[in-house]
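Asks:
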Amino acid sequence: NAGVTQTPKFQVLKTGQSMTLQCAQDMNHEYMSWYRQDPGMGLRLIHYSVGAGITDQGEVPNGYNVSRSTTEDFPLRLLSAAPSQTSVYFCASAGLAGETQYFGPGTRLLVL
Amino acid sequence: DQQVKQNSPSLSVQEGRISILNCDYTNSMFDYFLWYKKYPAEGPTFLISISSIKDKNEDGRFTVFLNKSAKHLSLHIVPSQPGDSAVYFCAASGGFGNEKLTFGTGTRLTIIP
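Chains as they are written, first to last, in the numbering used here: chain A, 44 to 155; chain B, 1161 to 1273.
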């Protein structure tokens, strides 16, 4: 049982490039979400999903796209990276019965 | 506008003593509160939670207190151990349990041996 996995661990992008941050969970959780952590800001919710085919925006969704084609995977896409998207990104999952959210180890992204 | 506030960025406590971490919130719709612990280069891990229908919840060395009228919660760690050194995040949610968490900015706790 690997829990929540994220790839890559670290990525450097140039402004304007696109990339996809991968997130997978093997706990059969319905709820999945993406957060970003910036210094002095805590974690902020980007997008979330309550099940396959259902996604919604969080607090800071601009510049990011998500899709949920399977229960296990919830990729986060940056269509045109900007320096303001330099951050550490965490994926999390939870059962819908109000269970605890489990976080992945994070992806550190640097946009030059 | 920060709806969940942790006003102490850092806290140092002697090993064996009590650590008290504080958190304030402004949104009256929050009804579920959690504490997460985070080590460097790792994701946050769940520590303890409390529903708004309670004012206290204990789990071993960790106790969370909730004062709804003051919109304040605190995490007590007794006794503090060196492995407790980490960043602690307070988080809150409303409506559906612990989804859509709103996090505080974190408090770095250092336990001095």
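Beta carbons are placed, not taken as given, at the ideal position from N, Cα and C, and that holds for glycine. Given the structure is predicted, the values throughout are model-derived calculations rather than measurements.
Using a Cβ cut-off of 8 Å, pull out every chain A residue sitting near K1260(B), in sequence order please.
Replies: As a working mapping, residue 1260(B) is identified with position 100 in the second sequence. Chain A residues near K1260(B): S76, L88, Y91, G101.
Asks: Between which two residues does the beta strand (DSSP E) containing K57(A) stretch?
Replies: For this step, residue 57(A) is matched to residue 14 along the first sequence. It is not in any beta strand (DSSP E) - K57(A) carries neither H nor E in the DSSP assignment.
Asks: Is the stretch 108-126 of chain A close to the stretch 54-70 of chain A, with three or more CB pairs under 8 Å?
Replies: Yes, since at least three Cβ pairs between the stretch 108-126 of chain A and the stretch 54-70 of chain A fall closer than 8 Å, the two stretches touch.
Asks: Apply the 10 Å Cβ neighbour rule to G96(A) and answer buried if 16 or more other Cβ atoms are within range, or exposed otherwise.
Replies: Counting from one through the first sequence, the residue named residue 96(A) turns up at place 53. So G96(A) ends up on the exposed side.
Asks: Name the chain A residues that come within less than 7 Å of G1203(B), Cβ to Cβ?
Replies: Working through the second sequence from its first residue, we reach residue 1203(B) at position 43. Ordered by position in chain A, the residues that pass the 7 Å Cβ test against G1203(B) are F133, F146, G147, P148, G149.
Asks: Does DSSP classify D1184(B) as helix, strand or coil?
Replies: Stepping through the second sequence from its first residue, residue 1184(B) is reached at position 24. Strand.
Asks: Which residue or residues does DSSP assign as beta-bridge partners of F1206(B)?
Replies: Counted from its first residue, the second sequence places residue 1206(B) at position 46. DSSP lists Y1196(B) as partners of F1206(B).
Asks: Report all residues from its chain with a CB closer than 6 Å to the CB of F1225(B); omit the five preceding and five following residues, and keep chain order.
Replies: As a working mapping, residue 1225(B) is identified with position 65 in the second sequence. Excluding residues within five positions, the ones whose Cβ falls inside 6 Å are K1216, S1234.
Asks: By the DSSP assignment, the beta strand (DSSP E) with G138(A) in it spans what residues?
Replies: Counted from its first residue, the first sequence places residue 138(A) at position 95. Element bounds for G138(A): n/a, residue is neither H nor E.
Asks: Would you mind giving the Cβ-Cβ distance between L1269(B) and S1253(B), rounded to the nearest angstrom? I have them listed as a contact below 8 Å.
Replies: Your numbering for residue 1269(B) matches position 109 in the second sequence. Your numbering for residue 1253(B) matches position 93 in the second sequence. Not really, about 23 Å apart at Cβ, beyond 8 Å.
Asks: Quick one: does V109(A) have its CB under 9 Å from some CB of chain B?
Replies: The residue given as residue 109(A) occupies position 66 in the first sequence. No, V109(A) does not count as interfacial toward chain B.
Asks: Just to confirm, does Q65(A) get its C-beta within under 8 Å of one of the non-hydrogen atoms of the ligand COA?
Replies: Absent from the structure shown: the ligand COA. Ligands present: none.
Asks: Between G85(A), M84(A), M70(A), I89(A), which lies nearest to S78(A) when the distance is taken from Cα to Cα?
Replies: Start at 1 with the first residue of the first sequence, and residue 78(A) comes out as number 35. Before going on, a small fix: residue 78(A) reads as Tyr here, not Ser. Residue I89(A) is the option with its Cα nearest to Y78(A).
Asks: Which residues in chain A sit within 8 Å of F1263(B), going by Cβ to Cβ distance?
Replies: Here residue 1263(B) refers to the residue found at position 103 when the second sequence is read from its first residue. In chain order: Y78, G85, L86, R87.
Asks: So is T143(A) in contact with chain B if we call contact Cβ pairs under 9 Å?
Replies: Along the first sequence, one-based indexing puts residue 143(A) at 100. At least one chain B Cβ lies under 9 Å of T143(A).
Asks: Out of curiosity, what's the CA-to-CA distance linking S1172(B) and P1242(B)?
Replies: Residue mapping note: residue 1172(B) aligns to position 12 of the second sequence, counting from 1. Residue mapping note: residue 1242(B) aligns to position 82 of the second sequence, counting from 1. Using only the alpha carbons, I get a separation of about 11 Å.
Asks: Answer yes or no: does any C-beta atom of chain B fall closer than 9 Å to that of V154(A)?
Replies: Translated into the one-based positions of the first sequence, residue 154(A) becomes position 111. No, its Cβ sits nowhere closer than 9 Å to a Cβ of chain B.
Asks: Less than 8 Å between the CB atoms is what I'm expecting for G149(A) and Y132(A), so what's the real figure, rounded?
Replies: For the purposes of this step, residue 149(A) is taken as the residue at position 106 of the first sequence. For the purposes of this step, residue 132(A) is taken as the residue at position 89 of the first sequence. G149(A) to Y132(A), Cβ: 6 Å. Contact.
Asks: Nearest by alpha-carbon distance to Q144(A): which of D99(A), V93(A), Q60(A) is it?
Replies: Taking the first sequence and counting its residues from 1, the one referred to as residue 144(A) is at position 101. Minimum Cα distance to Q144(A) is reached at V93(A).
Asks: From the DSSP output, read off the bridge partner residues of A124(A).
Replies: Here residue 124(A) refers to the residue found at position 81 when the first sequence is read from its first residue. DSSP, once it has assigned bridges, lists no residue as partnering A124(A).
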